[in-house]
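Before any comments, here is the structure.
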Amino acid sequence: MWGVSRPCCRVFRKRCHLTQFAKLTLITARAECAVVIFWCMLHVLGQQGADEASCLMKRMDVSVPEAEKRTGKNAVNMQETYTVYLIESRPSAAVSGGRSCPPDSLWRRYSEFELLRNYLLVTYPFIVVPPLPEKRAEFVWHKLSADNMDPDFVERRRVGLENFLLRVASHPVIANDKVLLHFLTEPDFAHCVCVQQVDSRLRALNATFRVKNPDKHFTEMKHYSDELQSIISQLLRLRVRVADRLYGVYKVHGNYGRVFSEWSAIEKEMGDGLQSAGHHMDAYSSSVDDILEEEEHYADQLKEYLFFAEALRAVCRKHELAQYELEAALMDLTSKKQQREELTTGMLRTFSFKGMTSKLFGQETLEQRDARLKMLEEQIVEGEETVQQKTADREEHMCCAWEDMQRFRGQKARDLREALINYTHMQMNMCRKGILVWTNAKECFSKM
1 MWGVSRPCCR VFRKRCHLTQ FAKLTLITAR AECAVVIFWC MLHVLGQQGA DEASCLMKRM
61 DVSVPEAEKR TGKNAVNMQE TYTVYLIESR PSAAVSGGRS CPPDSLWRRY SEFELLRNYL
121 LVTYPFIVVP PLPEKRAEFV WHKLSADNMD PDFVERRRVG LENFLLRVAS HPVIANDKVL
181 LHFLTEPDFA HCVCVQQVDS RLRALNATFR VKNPDKHFTE MKHYSDELQS IISQLLRLRV
241 RVADRLYGVY KVHGNYGRVF SEWSAIEKEM GDGLQSAGHH MDAYSSSVDD ILEEEEHYAD
301 QLKEYLFFAE ALRAVCRKHE LAQYELEAAL MDLTSKKQQR EELTTGMLRT FSFKGMTSKL
361 FGQETLEQRD ARLKMLEEQI VEGEETVQQK TADREEHMCC AWEDMQRFRG QKARDLREAL
421 INYTHMQMNM CRKGILVWTN AKECFSKM
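The sequence shown begins at 1 in the UniProt record's numbering and counts up by one.
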């Protein structure tokens, strides 16, 4: 569970004190008190949440065992073909105990998975929400179909959707979400989510804001996510080029098999050896299909972190939004205080249309001045409360987001290390099989 990281929060608080806007001592002090109280409560609830999440994963076993193609009418009453995915969930105790327990099962479309993830993005803006598998095939080598209805693509997407559910169900915070449980167990899931509200808040999170004092940690993390996405994209493009060439090299070896078979027909003593060597070449040529199919599995693991980089950027954008709202509230408060000072002293610091009209049409009455002053005092009190709340919101997001980013970093290191090691093992096995083919061919030639 994301608990309170004291050094992390201490660093963030110190950085906030050094900003230009934190010179408002009273407001900052109130905000820090609110944050401290919030985090004390959050730490206690967080430990309870971790236990609940652990119990949830022990209680439920989730899988997406199959996909099915269906035909129906869409929103505009037109016939369409689409794919649905079966979600099964059953008590983990029954699975571990070997008891036969019928699972809760329901079918979901990819768009429903998208709705769930959008809901999680809006509800937990401080979490690096696991990504969905690609909606359309990307980084495809020339012999691989880019059709969304291609059985191989649908199968890879099924595996990706199952991986998405396992990731969100094992997350220490998201695992306790009631909407997630409804998604896994209730056929009518959409009524749990206000689609319009999710869409509007998602657009706000995706907007770009120019902040005057962005946090250094989040700026660096945003740059890191851009670089990570660029590097993984380059890896995937290189892998496509290698796959294309590898496929050609292996298939060309099929010509060896054909030529050896033709040669064996005109030889008596050498015929059997040449024929056997030709069979080995044919087997070598056809083995590339299984090799590249296995490679797609590792490519999908890289693609997942290509999309994880975008999820990481979304967390950084939420920080920019919180910082932007705080800076806007502070500017508004500063403006109101300046107006109060000008109204009290009668001295205008800057040009204003109000001052120009006063010179043209005369000064306002004492009653009008007192009414304006009273209204400004009320607005300043409201502005101070707004700044206090925005400061607390920003502090809350910074601490929560930083904790989840550290969790994500550990997960990323483990997953990518395992994927790259397994990929090298696959390449080593491919080379061993190639050596075995040529060793067998050598034995065939030796017996001629």
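Think of the CB as a built atom: it goes at the ideal place given N, C-alpha and C, for glycine as much as any other residue.
Every value quoted in this text rests on a predicted model; they were computed, and no experiment measured them.
* Measuring CB to CB, does residue 455 end up less than 7 Å from Arg340? -> This structure leaves residue 455 out entirely; the chain is present only between 1 and 448.
* Residue from Arg414, Arg136 and Leu326 with nearest C-alpha to Gln388 -> Leu326
* Taking Cβ to Cβ, would you say Arg158 is nearer than 7 Å to Val64? -> A contact, by the Cβ cut-off of 7 Å.
* Counting only the same chain and skipping the five closest in sequence on each side, list residues whose C-beta sits under 6 Å from that of Leu42. => Confidence at Leu42 is low in this model, with a pLDDT of 39, below 50, so its placement is unreliable and no value can be given for it.
* To do: Quick one: which unbroken alpha helix (DSSP H) runs of 4-plus residues sit fully inside the region 275 to 352? Chain order, please.
  => 288 to 345
* Touching or not, the region 111 to 120 and the region 175 to 192, by the rule of three or more beta carbon pairs under 8 Å? -> yes
* Only counting runs of 3 or more residues, tell me where the beta strand (DSSP E) segments fall wholly within the UniProt domain "PX" (63 to 191), in order along the chain. => The qualifying runs are 79 to 91 and 104 to 109.
* Sorry if obvious, but does the Cβ on Met426 come closer than 6 Å to a heavy atom of the ligand GDP? -> In the structure on display, the ligand GDP does not appear, and there are no ligands present to speak of.
* Have a look at Gly257, Ser264, Pro131 and Tyr298 and flag the residue whose alpha-carbon is nearest the alpha-carbon of His279. => Of Gly257, Ser264, Pro131 and Tyr298, the smallest CA-CA separation from His279 is found for Gly257.
* Asked: Between which two residues does the alpha helix (DSSP H) harbouring Thr365 extend?
  -> Looking at the DSSP string, Thr365 is not in any alpha helix (DSSP H), and its letter there is neither H nor E.
* Asked: With which residues is Met60 paired in a DSSP beta bridge?
  -> DSSP links Met60 through a beta bridge to Pro91.
* Asked: Is Ala392 helix, strand or coil when you go by DSSP?
  -> helix
* Val211 - DSSP class collapsed to helix/strand/coil -> coil
* **Short CB-CB distance (under 7 Å) between Leu326 and chain D** => The structure shown contains no chain D; it holds only a single protein chain.
* To do: Please state if the CB of Ala314 and the CB of Ser225 are separated by a distance shorter than 7 Å.
  => no
* Asked: alpha helix (DSSP H) containing Met221: first to last residue?
  -> Lys216 to Ser264 is the extent of the alpha helix (DSSP H) around Met221.
* Cβ distance (whole Å) where Val128 is taken to contact Phe408 below 8 Å -> 4 Å
* **Beta-carbon contacts of Ala401 that lie in its chain and below 6 Å, excluding the five residues immediately before and after** => Excluding sequence positions up to five before and after Ala401, its CB lies within less than 6 Å of the CB of Phe126 and Val315, all in the same chain and listed in chain order.
* Of the choices Val84, Asp104, Ser261 and Tyr82, whose alpha-carbon is the least far from that of Ser92? -> Cα-wise, what sits closest to Ser92 is Asp104.
* To do: Identify which residue in Arg317, Leu312 and Arg394 has its Cα closest to the Cα of Met405.
  => Leu312
* Close-in-space but distant-in-sequence residues of the same chain around Thr81 (CB under 6 Å, 5 per side omitted) -> Thr71
* Asked: Once you ignore the five residues that flank Pro187 on each side, which residues in its own chain have a CB closer than 6 Å to its CB?
  -> Leu106
* To do: Identify, in the order they occur along the chain, each residue of the same chain with its Cβ nearer than 6 Å to the Cβ of Ala441, setting aside the five sequence neighbours on each side.
  => Taken in chain order, the residues that qualify are Ala277 and His280.
* **Alpha-carbon spacing of Ala322 relative to Arg210, whole angstroms** => Using only the alpha carbons, I get a separation of about 11 Å.
* Asked: If you compare alpha carbons, which of His223, Gln234, Val381 and Val288 is closest to Leu246?
  -> Leu246 has its Cα closest to that of Val288, out of His223, Gln234, Val381 and Val288.
* Asked: Where does Lys268 fall in DSSP's three states?
  -> coil
* How should Leu366 be labelled, buried or exposed, when 16 other C-beta atoms within 10 angstroms of its C-beta is the threshold for buried? -> Here Leu366 is exposed: its Cβ has fewer than 16 other Cβ atoms, across all protein chains shown, within 10 Å.
* Asked: Would you say Phe183 and Leu235 are within 7 Å of each other, going by their C-beta atoms?
  -> no
* Where Met448 sits in the DSSP three-state scheme -> coil
* Can the beta-carbon of Ile231 be found less than 7 Å from the beta-carbon of Tyr305? -> no
* Spatial distance of Pro172 from Thr334 (CA atoms) -> 41 Å
* **Residue burial classification, Gly160 (beta-carbon count within 10 angstroms, cutoff 16)** => Answer is buried; the Cβ neighbour count reaches 16.
* To do: Find the nearest neighbour of Ala67 within the set Pro102, Phe153, Ala190 and Ala137, judged by alpha-carbon distance.
  => Selection Pro102, Phe153, Ala190 and Ala137 evaluated against Ala67 yields Phe153 as nearest (Cα-Cα).
* To do: Could you tell me how far apart the beta carbons of Phe189 and Phe113 are, in whole angstroms, since I believe they sit closer than 8 Å?
  => Incorrect: roughly 10 Å between the Cβ atoms, too far for contact.
* Applying the criterion that 16 or more other CB atoms from any shown protein chain within 10 Å of the CB defines a buried residue, is Lys216 buried or exposed? -> It counts as exposed.
* Of the listed residues Arg109, Tyr324 and Tyr250, nearest to Pro214 (C-alpha basis) -> Tyr324
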